[in-house]
Amino acid sequence: MLIICPTPIGNLDDVTPRQLKALQDADIIACEDSRNTGKLLELLHINRDPQRTKLVSYHEHNAQERAPELIRHLQHDLTVVLVSDAGTPTISDPGYRLVQLCHEHGIAVTALPGPVAAMVALSASGLPSNRFFFEGFLPAKQQAAQERLHIIKQLHTTTILYESPHKLLRTLQLLVDTFGPEHIICVARELTKLHEEYVRKTTQEMLEDYQSRDKVRGEFVILIEPSTESGALEGDALDAKILELLQQNIRTKKIRDQLSSLCDLKSSELYAHIEKLKKDNNL
Ligand code: SAM
């Protein structure tokens with residue numbers, strides 16, 4: 001059986017008796033980083049007998065070859081416990097492929113309840129939570145991130161982002177640009193840890209708050225209140241975007257494909273509009 005086993009996101013006391021038992025009884029612990037998990041097992045006083053319980057690394061870069069190996073062990077009735085560095089495996093963490101393969105091979109899968117930073121943050125954010133959208137990490141590239149935010153704005157739903165400290169200011173600036181300076185967001189930092197902090201304010205205030213801090217440190221979840229505006233690219237903003245792309249010599253069809261999900265025009269209308277701007281501007 002494959003057991004998906006969450007681990008604490010900062011506070012060791014959040015480990016549950018069922019998680020402890022799974023880690024103690026495992027034949028194989030498949031983990032993102034064996035040093036981190038080794039340390040966690042030590043802190044939890046789990047004395048692993050290396051002859052009985054193997055620690056096997058399973059991450060983004062070796063998933064392709066490791067997953068079939070783990071499947072073979074599971075087919076021989078060994079218990080594999082899947083953990084990540086923190087929180088719940090498969091949620092913005094490795095594991096999805098292994099779980100998929102288990103289902104395909106008829107291998108039993110169970111998941112233990114435990115912390116997910118997004119859910120912890122959502123529950124304390126004071127933002128509507130009857131419906132929400134989990135984006136995880138935005139794309140690294142600025143333009144792709146901006147495009148995702150335009151799409152998210154049109155969902156009119158509380159949205160949850162994960163962000164690393166070195167990209168926090170970039171993302172806060174993108175939120176000001178996309179949702180406007182008055183839009184409410186909540187930044188949840190260092191959840192369950194000593195310096196836990198929930199700050200709720202407008203995008204512009206949040207950007208200024210973090211710009212004024214000496215150093216941006218810690219782990220962050222950003223929650224965006226649902227937008228009530230259309231969010232679609234239109235008018236001057238749409239034309240400016242099209243002209244920017246035309247000036248980079250990008251072809252009409254490619255521009256249409258890139259922008260069609262961001263604006264309210266039909267595909268054929270958008271194509272014609274791009275062609276018109278191209279002609280009017282001698283591009
Ligand atoms: N699987 C994890 C989960 O269940 O939440 C998420 C792993 S993802 C690689 C790491 C990101 O989760 C961090 O960059 C941060 O955005 C968020 N995160 C994890 N722990 C956190 C914490 N204690 N406080 C705030 N955010 C956290």
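For the sequence shown, my numbering gives the first residue as 1, with consecutive numbering after it.
Glycine residues also receive a C-beta, built at the ideal position from the N, C-alpha and C atoms.
Would you identify the three-state DSSP class for A108, choosing helix, strand or coil?
In the displayed model, A108 falls within coil according to three-state DSSP, outside both helix and strand.
Residues bridged to S34 [DSSP beta-bridge criterion]:
Answer by DSSP bridge pairing: none, since S34 is not bridged.
In the DSSP output, which residue or residues are listed as bridge partners for L101?
L101 is bridged by DSSP to nothing; it lacks a bridge partner.
For the alpha helix (DSSP H) holding Y210, just list the boundary residues, first then last.
203 to 211
Starting from T252, follow the alpha helix (DSSP H) in both directions and report where the run begins and ends.
Start and end: 252 to 259.
Is it right to say A30 is buried, meaning 16 or more other beta carbons lie within 10 angstroms of its own, or is it exposed?
buried
Going by DSSP in three states, R131 sits in which element: helix, strand or coil?
coil
Reduced DSSP secondary structure (H/G/I, E/B, other) of I160
strand
Flag E219 as yes when its Cβ comes closer than 8 Å to any non-hydrogen atom of the ligand SAH, and as no otherwise.
Because the ligand SAH does not appear in the structure shown, any question about it cannot be addressed here, the ligands present being the ligand SAM.
Give the C-beta separation of E32 and H59 to the nearest angstrom, bearing in mind that I take them to be a contact with Cβ-Cβ under 8 Å.
The Cβ separation is near 5 Å, so the contact holds.
Where L262 and G95 are concerned, what is the direct C-alpha to C-alpha distance, given to the nearest angstrom?
32 Å
Separation of R97 from A108, as counted between CA atoms:
The straight-line gap from Cα to Cα measures roughly 15 Å.
Consult DSSP for L2 and reduce its assignment to one of helix, strand or coil.
strand
Quick one: what's Y198 bridged to in DSSP?
A188
Span of the alpha helix (DSSP H) around I71:
63 to 75
Grouping DSSP H, G and I as helix and E and B as strand, with all else coil, what is V116?
coil
Which listed residue (A144, Q24, I71) has its alpha carbon closest to that of D49:
Q24
Could you compute how far the alpha carbon of A272 sits from the alpha carbon of K279?
11 Å
Can you tell me which of the three DSSP states L172 falls into?
helix
Leaving out five residues before and five after D93 in sequence, what residues of the same chain have Cβ atoms less than 8 Å from its Cβ?
E32, S84, D85, G87
In three-state terms, what does DSSP make of G235?
helix
Do three or more CB pairs link the region 63 to 76 to the region 121 to 129 at distances below 8 Å?
no
Say whether the region 138 to 152 touches the region 196 to 211, bearing in mind that this needs 3 or more beta-carbon pairs closer than 8 Å, one atom from each stretch.
no
Per-residue burial, T171 [other beta carbons within 10 Å of its own, 16 or more giving buried]:
buried
Could you give the C-beta distance for L78 and D27, rounded to a whole number, given that I count them as a contact under 8 Å?
4 Å
Per DSSP, the bridge partner or partners of I224
T159, I185
Cut-off 6 Å between Cβ atoms - residues of its own chain near R131, not counting five sequence neighbours on either side
T157
beta-carbon P68 near the ligand SAM non-hydrogen atom, thresh 8 Å
Distance from the C-beta of P68 to the nearest heavy atom of the ligand SAM is not below 8 Å.
Exposed or buried, which one is G114 when buried takes at least 16 other CB atoms within 10 Å?
buried
Taking the Cβ atom as the reference point for each residue, do K191 and E163 lie within a distance shorter than 9 Å?
Correcting the residue type first, residue 191 is Leu in the shown sequence and not Lys. Against a cut-off of 9 Å, the Cβ pair of E163 and L191 comes out as no contact.
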